[in-house]
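Engineer: Residues 4 to 569 (this note's numbering) are what the sequence shown spells out, left to right.
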Amino acid sequence: MTLKRRIFLIFLVSSLVPFLSIFIISNYTIDKIFDNKIKSGINSNLRQVELSLGNSISNLNHISQQLAYGGNIVKQIDDVLFRSMDPYQRMETKNQLKSELNLITFTNPNIGLAFYYIQKEHAIQFENFPVKENYSLDSLPLLAKYYDITYFGPHKSLNESDNQIVLSALRKVGLPDRDDVYVYIETGFSLTQNILENNEYGGGLSHLILDGNGRIAYSEAPEIFSSGAQFPNFSKEEGTGLYKDHYWFKQTSNQNWSVVSVISQTDYNKEKNQWMLQILMVSLFFICLTILLAWVLWKMVYKPLNLFHSEMKWMSQNRLKPQLKKTKIPEYDYLLKQFSEMKEQIWNLFEEVEQKEKKRVDLEVEKLLYQINPHFLMNTLDTVHWLAMINGQKEIDRLVKSLNKLLYYNLGKMGQVSTIEEEIDALRQYLVLQQIRYDFQFDVRIEVDESVLKQPVPRFILQPLVENSLYHGLSDDGYIEVSVALDKDIRISIHDNGAGMKEETIRELLNNRTVEQKKVGMGIGLNYVKRMLDARYEDKASLEIRSEVDKGTSVLLTLPLSGEDT
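#1: Hey, residue 247 and residue 219 are a contact pair by Cβ (cut 8 Å); roughly how many whole angstroms apart?
#2: Provide the residue span of the beta strand (DSSP E) that contains residue 484, from first to last.
#3: Residues in its own chain within less than 7 Å of residue 183 by CB, not counting five upstream and five downstream?
#4: Measure the alpha-carbon distance for residue 456 versus residue 423 and round it to whole angstroms.
#5: Can you give, in chain order, each stretch of the alpha helix (DSSP H) that sits fully within the region 160-237 and has at least 4 residues?
#6: State the Cα-Cα distance for the pair residue 487 and residue 509, rounded to the nearest angstrom.
#7: Within this structure, are the beta carbons of residue 265 and residue 213 separated by less than 9 Å?
#8: Candidates 117, 129 and 112: which alpha carbon is nearest residue 97's?
#9: Take the Cβ of residue 65 as the centre, count every other Cβ of all protein chains shown within 10 Å, and call the residue buried at 16 or more, exposed below.
#10: Pull up the distance between the alpha-carbon of residue 300 and that of residue 538, whole angstroms please.
#11: Could you tell me the alpha carbon to alpha carbon distance between residue 353 and residue 441, rounded to whole angstroms?
#12: Between 426, 512 and 482, which lies nearest to residue 531 when the distance is taken from Cα to Cα?
#13: My parser needs the alpha helix (DSSP H) runs of 4 or more residues fully inside the region 46-120; what are they?
#14: Per DSSP, residue 28 is paired with what?
#15: Could you give the distance in angstroms between the alpha-carbon of residue 470 and the alpha-carbon of residue 428?
#16: The beta strand (DSSP E) spanning residue 126 covers which residue range?
#17: Count the other CB atoms within 10 Å of the CB of residue 549; is the residue buried (16 or more) or exposed (fewer)?
#18: Would you tell me roughly how many angstroms separate the C-alpha atoms of residue 514 and residue 346, rounded to the nearest one?
#19: Taking the DSSP output, what are the residues bridged to residue 243?
#20: Return the CA-CA distance between residue 386 and residue 529, expressed in angstroms with no decimal places.
#21: Label residue 333 either buried or exposed according to how many other C-beta atoms from any shown protein chain fall within 10 Å of its C-beta, with 16 as the threshold for buried.
#22: Please return the same chain residues whose Cβ sits closer than 8 Å to the Cβ of residue 249, not counting the five positions on each side in sequence.
#23: For residue 417, count neighbouring Cβ atoms within 10 angstroms of its own Cβ and tell me buried if that reaches 16, exposed if not.
#24: Cα-Cα, which of 433, 393 and 396 is closest to residue 410?
#25: From what residue to what residue does the alpha helix (DSSP H) around residue 472 run?
#26: With which residues is residue 551 paired in a DSSP beta bridge?
#27: Closest by CA to residue 126, which one among 211, 139, 254 and 62?
#28: From residue 29 to residue 233, what does the alpha carbon distance come to, in whole angstroms?
#29: Please classify residue 79: is it buried, with 16 or more other beta-carbons within 10 angstroms of its beta-carbon, or exposed?
#30: Within the same chain, show all residues whose beta-carbon is closer than 6 Å to that of residue 222, passing over the 5 residues directly before and after it, in chain order.
#31: Quick check: the region 111-118 against the region 185-192, are at least 3 beta-carbon pairs closer than 8 Å?
#32: Alpha carbons only, please: which of 490, 58, 155 and 277 is nearest the one belonging to residue 452?
#33: Determine, using beta carbons only, whether residue 286 comes closer than 9 Å to chain B.
#34: Mind reading off the beta-carbon distance from residue 562 to residue 493? Whole number of angstroms is fine, and I expect it under 8 Å.
#35: For residue 444, I'd like the list of residues in its chain whose CB is within less than 8 Å of its CB, leaving aside the five on either flank, ordered along the chain.
Here it is as structure tokens:
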């Protein structure tokens, strides 16, 4: 990923993650706040409507009681309608009755149309306002019905000159000899309409009025909830729900009828969506601002980096000192100045190294002129060998012959790769030299699997292991066992019954190169073997030393077969 993309990514992540977190939390919080606000507002309005309707119905009940039970009014109605009276007296009583009725309705401004209804005759008496000709009490929406009174849900007034929505009540009048006389009363002055329309949601909130069985007595949303239909999933408990993309909230009155507020999801979420739109617009503004700042930051960083790239490219291709450029950013200008000074120091070091390398080559050439040719050394030893044979010096002849072979193996063989067979032969020559030197016949037992004789191995990996056994206290009755076997790998083991070593000594032999210089023999130690295995086989070969003081030492060497080494 380029630096440009990383800068954009880091800046966007560092800016957007907190912003998005705040946005999500704010969105969740605002959603909850508005949800609670809308629900509480609707429920508050619903309680107000239920309370107002309840008060209106209670008022109808109270007035109807005055007009239906006992008292002078009931007696006068009975006299006028059903008793034989003098016409003049009947007229006088009738006028007096109307005056009392008008007084009652006048002193109750929330009462509109009122009249007495004789059911058998389908006749209206003592009305305070003209009644529509095509009236029908049976067609009014039933809200609640009790023993002697019936309440009707919101409906259009029966008043001929008024078409407002009203509540009404029909109560049986307690006449002694007639049971078909009723008093009918309506609410007045658009009271019901004002109660239902008085809400902060305007036309967005509609109301339903249900009777005690869940039948819709009145509906302001007939396309969803038609009048006379059963309310879906009705229960007498208060509650809320969702029906045909409309939320509803129900409040049940003490008289067992219910008021339901209905609002569409669109109107329900309208205010919340307006807030969310504002938040989204602000969010988009900050996102654009963040991208702009990221671009400015990239320009501030990437342009100087291009200048650094040009300087480095110039440095790799030319030794001329370019003109120092400015970025107008103090930190970068300081770095460019330091880089320019570093370039001068590097070219000076290059020149110094070139001069030293030239001198070193000259010294190497001069050294070669004085170096003894290894073939000259081996030819000289051959001469000593023949002289010893001529003079009958067999011990010297044996010593020189073994030394000559060992030197030839060491100096004459090109490269580092040898074979197991050659390693075994070099080991035998080394033992001959040590036996002549110390005038001691070592008990060294060598067992080699013939199938591994031609396997390639690094040179001088056996001799240091055997020399270690000789060096660490091989006694007169001691012995050394050398075993080379073939399994899945080449397994070489050297075991002795000498004095043994401590763990500290083993770690020093494997890790300290200076120890080799203190040793007798050819000066090739265990550290050489360990480094050679690491260099050639990496982790495919292993060298393990097990030793106990006064009990002996075992060296286990595992090498991969030819073709498996790296």
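Even glycine gets a Cβ: it sits at the ideal position worked out from N, Cα and C.
These numbers were taken from a predicted model, which means no experiment stands behind them.
Structural biologist: According to the data block:
#1: Here residue 247 refers to the residue found at position 244 of the sequence shown. Here residue 219 refers to the residue found at position 216 of the sequence shown. Contact flag wrong, Cβ pair sits at about 14 Å.
#2: As a first step, residue 484 is located in the sequence shown; it is residue number 481 there, counting from the start. Its beta strand (DSSP E) spans residues 483-489.
#3: Taking the first residue of the sequence shown as 1, we reach residue 183 at position 180. Around residue 183: 121, 122 and 123.
#4: Residue 456 sits at position 453 when you count from the first residue of the sequence shown. Residue 423 sits at position 420 when you count from the first residue of the sequence shown. Going from the Cα of residue 456 to the Cα of residue 423 covers about 5 Å.
#5: Counting only runs that start and end inside the region 160-237, the alpha helix (DSSP H) elements of at least 4 residues fall at 194-200.
#6: Taking the first residue of the sequence shown as position 1, residue 487 is located at position 484. Taking the first residue of the sequence shown as position 1, residue 509 is located at position 506. For residue 487 and residue 509, the distance between alpha carbons rounds to 22 Å.
#7: By one-based count along the sequence shown, residue 265 stands at place 262. By one-based count along the sequence shown, residue 213 stands at place 210. Not closer than 9 Å, so no.
#8: Against the sequence shown, residue 97 aligns to sequence position 94. When each option's Cα is compared against that of residue 97, the closest is 129.
#9: Within the sequence shown, numbered from 1, the residue matching residue 65 stands at position 62. When all chains shown are included, residue 65 counts as exposed.
#10: Position 297 of the sequence shown, counting from 1, holds the residue named residue 300. Position 535 of the sequence shown, counting from 1, holds the residue named residue 538. Residue 300 and residue 538 have their C-alpha atoms roughly 49 Å apart.
#11: Position 350 of the sequence shown, counting from 1, holds the residue named residue 353. Position 438 of the sequence shown, counting from 1, holds the residue named residue 441. Residue 353 and residue 441 have their C-alpha atoms roughly 54 Å apart.
#12: If you number the sequence shown from 1, residue 531 lands on position 528. Measuring from the Cα of residue 531, the nearest candidate turns out to be 512.
#13: Scanning the region 46-120 for uninterrupted alpha helix (DSSP H) segments of 4 residues or longer gives 74-85 and 90-109, listed from N- to C-terminal end.
#14: For the purposes of this step, residue 28 is identified with residue 25 of the sequence shown, where counting begins at 1. According to the DSSP secondary-structure assignment, residue 28 is paired through a beta bridge with no residue.
#15: Here residue 470 refers to the residue found at position 467 of the sequence shown. Here residue 428 refers to the residue found at position 425 of the sequence shown. Near 15 Å, if we compare the C-alpha coordinates of residue 428 and residue 470.
#16: If you number the sequence shown from 1, residue 126 lands on position 123. Residue 126 -> beta strand (DSSP E) spans 126-128.
#17: Walking along the sequence shown from the start, residue 549 turns up at place 546. Residue environment: residue 549 is assigned as exposed (fewer than 16 neighbouring CB atoms within 10 Å of its CB, all protein chains considered).
#18: Your numbering for residue 514 matches position 511 in the sequence shown. Your numbering for residue 346 matches position 343 in the sequence shown. Cα atoms of residue 514 and residue 346: separation of roughly 40 Å, rounded to the nearest angstrom.
#19: Here residue 243 corresponds to residue number 240 of the sequence shown, with the count starting at 1. Answer is 252.
#20: Working through the sequence shown from its first residue, we reach residue 386 at position 383. Working through the sequence shown from its first residue, we reach residue 529 at position 526. The C-alpha of residue 386 lies about 34 Å from the C-alpha of residue 529.
#21: As a first step, residue 333 must be located in the sequence shown, where it is residue number 330. With fewer than 16 other Cβ atoms inside 10 Å of its own Cβ, residue 333 counts as exposed.
#22: Here the question's residue 249 lines up with position 246 in the sequence shown. Beyond the five residues adjoining it in sequence on each side, residue 249 comes within less than 8 Å, by CB distance, of 224, 227, 265, 266, 267 and 268 in the same chain, given in chain order.
#23: The count along the sequence shown starts at 1 and reaches residue 417 at position 414. Confidence at residue 417 is low in this model, with a pLDDT of 48, below 50, so its placement is unreliable and no value can be given for it.
#24: In the sequence shown, the residue the question calls residue 410 occupies position 407. Cα-wise, what sits closest to residue 410 is 433.
#25: Counted from its first residue, the sequence shown places residue 472 at position 469. Counting along the chain, the alpha helix (DSSP H) containing residue 472 begins and ends at 466-474.
#26: On the sequence shown, residue 551 is found 548 positions in, with the first residue counted as 1. Residue 551 is bridged to 555.
#27: Taking the first residue of the sequence shown as position 1, residue 126 is located at position 123. Nearest C-alpha to residue 126: 139.
#28: Sequence index remark: in the sequence shown, residue 29 carries index 26 (1-based). Sequence index remark: in the sequence shown, residue 233 carries index 230 (1-based). Going from the Cα of residue 29 to the Cα of residue 233 covers about 41 Å.
#29: The sequence position of residue 79 within the sequence shown is 76, counting from 1. The residue is buried, with at least 16 neighbouring Cβ atoms inside 10 Å.
#30: The residue given as residue 222 occupies position 219 in the sequence shown. Around residue 222: 211, 228 and 230.
#31: Output reads yes: the region 111-118 touches the region 185-192.
#32: Taking the first residue of the sequence shown as 1, we reach residue 452 at position 449. Between residue 452 and the set 490, 58, 155 and 277, the nearest pair of CA atoms involves 490.
#33: The question asks about chain B, but that chain is absent: this structure has only one protein chain.
#34: Translated into the one-based positions of the sequence shown, residue 562 becomes position 559. Translated into the one-based positions of the sequence shown, residue 493 becomes position 490. With a contact defined as Cβ atoms closer than 8 Å, residue 562 and residue 493 qualify at about 4 Å.
#35: Start at 1 with the first residue of the sequence shown, and residue 444 comes out as number 441. Only 438 meet the Cβ criterion.
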